[in-house]
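Note sheet for the following structure.
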Amino acid sequence: MRTIILHAAARRNRPVVDADRTTTIEAESNEYRMPISTIPTATPATRSSLRLIDPPLFAIDLLHDLNRVIEFDAEISFNDGVFGQSTSSTKFMCGTKLQLDRFCIWLFRRTTMIIALRSLINHSILHGSLTLELPAGEHLTAGDGSGAPLTIRLKDMRAVRELLLNPELALGELYTDGRLTVSGGTIYDLLDLLGRNLPSLTPPQIGRWRHAVRTVFDRWRRGNSERLARCNVHHHYDIDDRIYSLFLDPDRQYSCAYFESERQNLEQAQLAKKRHIAAKLLVPTGASVLDIGSGWGGLALYLADLYKAHVTGLTLSTEQLKVAERRADEKGLKSHVCFRLQDYRAQSDTFDRVVSVGMFEHVGRRNYDTFFKVISGSLKPDGIALLHSIGRLDGQSATNPWIAKYIFPGGHIPSLGEVLPAVEKSGLIVTDIEILRLHYADTLAAWRDRFFAHRAEATTILGERFCRMWEFYLAGAEAGFRHGGLMVFQMQLAKKIDTVPRTRTYIAEEESRLQSLDQGAAERATPMRLIHSR
Numbered sequence: 001m002r003t004i005i006l007h008a009a010a011r012r013n014r015p016v017v018d019a020d021r022t023t024t025i026e027a028e029s030n031e032y033r034m035p036i037s038t039i040p041t042a043t044p045a046t047r048s049s050l051r052l053i054d055p056p057l058f059a060i061d062l063l064h065d066l067n068r069v070i071e072f073d074a075e076i077s078f079n080d081g082v083f084g085q086s087t088s089s090t091k092f093m094c095g096t097k098l099q100l101d102r103f104c105i106w107l108f109r110r111t112t113m114i115i116a117l118r119s120l121i122n123h124s125i126l127h128g129s130l131t132l133e134l135p136a137g138e139h140l141t142a143g144d145g146s147g148a149p150l151t152i153r154l155k156d157m158r159a160v161r162e163l164l165l166n167p168e169l170a171l172g173e174l175y176t177d178g179r180l181t182v183s184g185g186t187i188y189d190l191l192d193l194l195g196r197n198l199p200s201l202t203p204p205q206i207g208r209w210r211h212a213v214r215t216v217f218d219r220w221r222r223g224n225s226e227r228l229a230r231c232n233v234h235h236h237y238d239i240d241d242r243i244y245s246l247f248l249d250p251d252r253q254y255s256c257a258y259f260e261s262e263r264q265n266l267e268q269a270q271l272a273k274k275r276h277i278a279a280k281l282l283v284p285t286g287a288s289v290l291d292i293g294s295g296w297g298g299l300a301l302y303l304a305d306l307y308k309a310h311v312t313g314l315t316l317s318t319e320q321l322k323v324a325e326r327r328a329d330e331k332g333l334k335s336h337v338c339f340r341l342q343d344y345r346a347q348s349d350t351f352d353r354v355v356s357v358g359m360f361e362h363v364g365r366r367n368y369d370t371f372f373k374v375i376s377g378s379l380k381p382d383g384i385a386l387l388h389s390i391g392r393l394d395g396q397s398a399t400n401p402w403i404a405k406y407i408f409p410g411g412h413i414p415s416l417g418e419v420l421p422a423v424e425k426s427g428l429i430v431t432d433i434e435i436l437r438l439h440y441a442d443t444l445a446a447w448r449d450r451f452f453a454h455r456a457e458a459t460t461i462l463g464e465r466f467c468r469m470w471e472f473y474l475a476g477a478e479a480g481f482r483h484g485g486l487m488v489f490q491m492q493l494a495k496k497i498d499t500v501p502r503t504r505t506y507i508a509e510e511e512s513r514l515q516s517l518d519q520g521a522a523e524r525a526t527p528m529r530l531i532h533s534r
C-alpha cells in the first residue's frame, strides 16, 4: 500500500478538516495517513482537502484559508511490495493558494522521481554495493552488499530527471559537469560495477525495443560525407596536442596495443602491435604502402624504417599531419614517407600493401561498401590489406549516445556481420581474421593510469571539465571492453586466394625476426632485406 503522510503545524492553532471523514483536528502536530487510492477529490463543500490523480500523472490541490500563512513540515512516504520504502521530507511556507498548489505539485513530482530512481537502481544493481545520495540527503541503496561500497552523489534534482530519461547519456554529462560525484572509489569503479551488472541493467523487452529505435536513428545518422568526416576528426584529434603526450606512448600509438605477456608495459605492447601488423602484411623490401588513417605517423615510419617501404599516409587531422611530417624529417625518412591531408575516397593510386589501423570506426555504416571498394581499387593484383578496428562481439548495436556526442561524433562500432557483406561486394577475399579480446581493455587501463598521473598538467592545459570528460571516456571505454561486448579485430584481405601462405606460422616467424631487429635497433645500420616464400 502506498501511503502519503502530511505533518502540518500552523503558526496559530486552526481547525483542519479531514476531507474524507469531515472531522476537525487541531492543526498543531497533526498527522494525516491515507492510501493514495482513497485520497478524496476536493469539493466546494470542503475547506481543506487533498486531491491526487494516480498514476501515471500526479496532480494535487491542498486548499486552505487564503488569509493565513501556514508553515508545513511535509513528509511523503511510499511503502509497497514493488518499490520498497521511500521517504521525502521538506519544510515550506505558503501564503496563497497558488504557492501551495505549486509546492504540492513539485513535491509529488520529486517523490515520483525518487520512486522511479529507486526502482531503476534496484533492478539494475544486483551485485556489489551502491548508495545513491540525493540533494536533500535521501539515500537509496542497491546490490547484495558484496565488494567495496560506492556512493554516488547528485547535486540537484534535475540530475535525477536526466538520469531517468536517458541514463547512458546523462551519466557521462553529469560526471563531466561535476553534478555527479563518486566516493569510495573512482569513476572507473562505478562503470565497472555497472558493467558487471550489465545483463540486469535493461530488461530484455525494453532492451530490444530501445535497440531497435536507436539502431534506426543510428543508421540514419551514419552517413559521413567528406566534409562531415573532416569535422568529426577535427572534433577529437585537433585538440591541444600536448594532451596526447600525457597518456600515449612516445610513438603516439592511439589504438589497441598487443600484449604478448602480462609483463609487457605499454611501450613494449605498442611495438608488438606494429610487429604483429607488419608480419601479417608480408611487406617486401621497397614495397609501396597506403596507410589510411595514419595518425601521428608511427606505423608508417616503422614500415619505412624496417622495410625501406614507400609509405603514403592519409589523415584528416591538421595537428596529426604536422607532427607526422616533423617526425619523418627528424628520422631522416622524408624520402620514404609522404603524409597527406586527404580523405580516403579521394585517393586513386595503387599500392602493394594497404593498412588501416583505428580508422574504420569513423567511416560510418553507410560508407562500408565505398571503403572496401577503395581498398580493392588501391590494391595491386598480388597485394595484401590489413584492417585493424574496434568491433562488437554481440552483434549489431547503436553507438553509445555519450560517446557519439562528446568523443567520436559520426563513429560506429561494427559487428563482423556488418563488415563482411561489404568485403564480399568489393571482390576482396578474407584470408585471416583475428579477434583481440582484452588487449584494448589493458591498453585503456594504461592510458587511464598515465592520464591520472598527469592530471594536474591536463587541467592546466584544457581545464577541469575536460579532464572529467576524458576520465569518463577512458574509464567507460575500458569497462566496455571488459564487460560490454567490445573487441578488436584484425582482418587480412587479398585479391587472390594464394597470395598469403596456407598456415599462420609465417606470422610468428616474422614477428620473431622483427623483435630481434627491434632489440638491436641501436646497432642496426641498414634494415635486412626480406624474402618471403609462399
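Numbering (the UniProt record's numbering), first residue to last: 1 to 534.
Note that beta-carbon positions come from the ideal geometry of N, C-alpha and C, so glycine has one too.
Quick one, are the C-beta atoms of residue 479 and residue 467 less than 9 Å apart? no
What does the alpha-carbon distance come out to for the pair residue 372 and residue 426? 6 Å
What are the boundary residues of the beta strand (DSSP E) that includes residue 434? 429-436
Cβ-Cβ distance between residue 390 and residue 440 below 9 Å: yes
In terms of DSSP beta bridges, what is residue 492 paired with? 386 and 432
Three-state secondary structure assigned by DSSP to residue 514: helix
According to DSSP, simplified to helix, strand and coil, what is residue 535? Outside the shown range of the chain (1 to 534) lies residue 535, about which nothing can therefore be said.
Cutting at 7 Å between CB atoms, please list the residues of its own chain near residue 461, excluding the five before and the five after it. 240, 242 and 243
Apart from the five residues just before and just after residue 265, which ones in its own chain have a Cβ nearer than 8 Å to its Cβ? 446
Alpha carbons only, please: which of 277, 271, 126 and 428 is nearest the one belonging to residue 378? 428
Three-state secondary structure assigned by DSSP to residue 505: helix
Any idea what DSSP makes of residue 259, helix, strand or coil? coil
Given residue 301 as reference, the closest of 413, 282, 337 and 276 once Cα atoms are compared: 337
When DSSP builds the beta bridges, which residues end up paired with residue 291? 313 and 355
Counting Cβ pairs closer than 8 Å, one from the region 119-133 and one from the region 141-149, do we hit at least three? yes
Nearest by alpha-carbon distance to residue 401: which of 413, 395 and 502 is it? 413
Can you tell me whether residue 195 is helix, strand or coil according to DSSP? helix
Straight-line gap, residue 176 to residue 465 (C-alpha atoms, nearest Å): 6 Å
Could you check what DSSP says for residue 76 in three-state terms: helix, strand or coil? Since pLDDT at residue 76 reaches only 43, below the 50 mark, its modelled position is unreliable, and no value is offered.
If you compare alpha carbons, which of 285, 488 and 499 is closest to residue 385? 499
Would you grab the beta carbon distance between residue 344 and residue 422 for me? Rounded to a whole angstrom, and I think it's under 8 Å. With 8 Å as the limit, residue 344 and residue 422 do not qualify as a contact, their Cβ atoms being about 14 Å apart.
Does the pairing of the region 285-304 with the region 471-491 give three or more beta-carbon distances under 8 Å? no
First and last residue of the uninterrupted alpha helix (DSSP H) at residue 418: 416-426
If you run the structure through DSSP and keep just helix, strand and coil, what is residue 412? coil
May I ask you to report which of helix, strand or coil DSSP gives residue 134? coil
Exposure of residue 166, with buried meaning 16 or more beta-carbon neighbours within 10 Å: exposed
If we ignore side chains and look at the alpha-carbon of each, how far apart do residue 322 and residue 340 end up? 10 Å
Just to confirm my understanding: we take residue 281, look at its own chain, exclude 5 residues before and 5 after, and list those with CB closer than 7 Å. What are they? 353, 355, 384 and 386
Using only the alpha-carbon positions, how far apart do residue 306 and residue 382 sit? 21 Å
Outcome for residue 438 when other beta-carbon atoms lying within 10 angstroms are tallied against a minimum of 16: exposed
Quick check: what's the CA-CA separation for residue 250 versus residue 267? 8 Å
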